[in-house]
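In what follows, a single structure is set out as structure tokens and then discussed.
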Amino acid sequence: MGNNVSRIKSKILKAPRLPEYVQKESEEERFLNRYMSNDVSADDRLQMYHFVKRYIYDSNFSAPIEEKLIQGGYKVLDIACGSGAWLLDLSTRYDNSHFFGIDFQEVYPKEIKPPNLKFTKADILEGLPFPDNEFDFVRQDSMSHVLQRNQWEFVLSEIVRVTKPGGYIELAELNITFNGFGPILHRIYGGMRDFLLKQNVDINVTYELESMLKSQPNVTMIHRDERELIIGPNGGKIGIVCHESFVMLCNTELAIENLSSEIGVSKEEFKNMIGTGLEEDLKVSRPELMSFRLWTQKKEKNVIV
Numbered sequence: 001m002g003n004n005v006s007r008i009k010s011k012i013l014k015a016p017r018l019p020e021y022v023q024k025e026s027e028e029e030r031f032l033n034r035y036m037s038n039d040v041s042a043d044d045r046l047q048m049y050h051f052v053k054r055y056i057y058d059s060n061f062s063a064p065i066e067e068k069l070i071q072g073g074y075k076v077l078d079i080a081c082g083s084g085a086w087l088l089d090l091s092t093r094y095d096n097s098h099f100f101g102i103d104f105q106e107v108y109p110k111e112i113k114p115p116n117l118k119f120t121k122a123d124i125l126e127g128l129p130f131p132d133n134e135f136d137f138v139r140q141d142s143m144s145h146v147l148q149r150n151q152w153e154f155v156l157s158e159i160v161r162v163t164k165p166g167g168y169i170e171l172a173e174l175n176i177t178f179n180g181f182g183p184i185l186h187r188i189y190g191g192m193r194d195f196l197l198k199q200n201v202d203i204n205v206t207y208e209l210e211s212m213l214k215s216q217p218n219v220t221m222i223h224r225d226e227r228e229l230i231i232g233p234n235g236g237k238i239g240i241v242c243h244e245s246f247v248m249l250c251n252t253e254l255a256i257e258n259l260s261s262e263i264g265v266s267k268e269e270f271k272n273m274i275g276t277g278l279e280e281d282l283k284v285s286r287p288e289l290m291s292f293r294l295w296t297q298k299k300e301k302n303v304i305v
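Sequence positions in the sequence shown follow the UniProt record's numbering and run 1 to 305.
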């Protein structure tokens, strides 16, 4: 079953730990300026997504777990962790707690990592390799472009299973609204949506995640935290970073082959679309993406909520 899962997300949406912020605004400006410069490597640019999410929320999570992480002994699991950016950040900040990451591909660091961080090669679709009630906090980020619709129920049930009673669960995703999209971006995203649908992956499942999570047994009230992103220069420096991240996604050999065919253009025409075409498109539009986090708490034993 794991062979049906796309692995694109783990390659582009994760990043190494960011530097500590002493003065938040000036440090963030410096980071943005660095990653918009022309002299950074492709690996450096892969750090964009983690930074953007942390920047717009001013946090790495929305569930109320900060004090527990500081106190120590807290066990945290990140599902489909990719290169481990989120985990590397948190395991360094909260060195008295314990962090675990799983991913189908071993793109995470194997040697240079904090002692309180462990990675395991595993596929969520084959079940989480942990006993029941094992973790205090379980999170999953950006799987709407990966999981087929009929796989979500099993994945959510596994997340709930390994979470301790009283522990927290958090899902992070993007809603592709198409609001404010110019013709070029709309065509590219539309092609991506249609291609994924042919793989039985529906990106619009994000609009149903709240009800799907709510339908799981043993969870309490669902909380929602969301932030708007504008792609391109009209979204400021963060918008420019989002633009670059999107171009990286579309500029792989596999994406060029699949999306050009889906849209009905040649590979060269598609490269021009994601290059100068998209750049001009974004100058005169304000395409919106809605980033959101859903978090809930697993019910305590023998407590009716």
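The C-beta atom is built at its ideal place from N, Cα and C for all residues, glycine as well.
Cutoff 8 angstroms; reference residue i; Cβ partners in own chain excluding five residues on either side
i: Y207; result: N175
i: M290; result: L174, N175, T177, E226, R227, E228 and L229
i: Y189; result: I176, F178 and F181
i: D132; result: R161 and V162
i: I256; result: C250, K267, F270 and K271
Residue i versus residue j: straight-line alpha-carbon distance, rounded
i: G82; j: D141; result: 10 angstroms
i: W86; j: S59; result: 11 angstroms
i: D202; j: N150; result: 10 angstroms
i: residue 309; j: R161; result: The chain is shown only over 1 to 305; residue 309 falls outside these bounds and no answer can be derived.
i: L254; j: F292; result: 28 angstroms
i: E288; j: G236; result: 13 angstroms
i: G275; j: K113; result: 36 angstroms
i: W152; j: E280; result: 37 angstroms
i: G264; j: I56; result: 36 angstroms
i: G127; j: F246; result: 31 angstroms
i: T120; j: V138; result: 15 angstroms
i: H186; j: V284; result: 13 angstroms
i: R224; j: V205; result: 16 angstroms
i: G191; j: K110; result: 36 angstroms
Option nearest residue i by Cα separation, candidates the options
i: K53; options: C242, N133, M273 and P64; result: C242
i: E134; options: M48, S215 and H98; result: H98
i: F154; options: F119, S215 and N96; result: S215
i: C250; options: L278, N116, V219 and G84; result: L278
Residues sharing a beta bridge with residue i, DSSP
i: E253; result: Beta-bridge pairing links E253 to no other residue.
i: I56; result: None, per the DSSP bridge assignment.
i: D78; result: G101 and R139
i: T296; result: I169
i: M290; result: N175 and E228
i: K121; result: D103
i: T163; result: F135
Chain-order list of residues whose beta-carbon lies under 7 angstroms from that of residue i (same chain, five-residue window excluded)
i: L209; result: L171, E173 and L294
Residues of its chain near residue i, where Cβ-Cβ distance is below 6 angstroms and the 5 sequence neighbours each way are ignored
i: Q297; result: Y168 and T220
i: S91; result: F99, P114, N116 and L117
i: K75; result: H98, F135 and D136
i: residue 358; result: Residue 358 lies beyond the range of the chain shown here (1 to 305); nothing can be said about it.
i: I304; result: Residue placement at I304 is flagged as unreliable, the pLDDT there being 49, under the threshold of 50; a coordinate-derived value is accordingly withheld.
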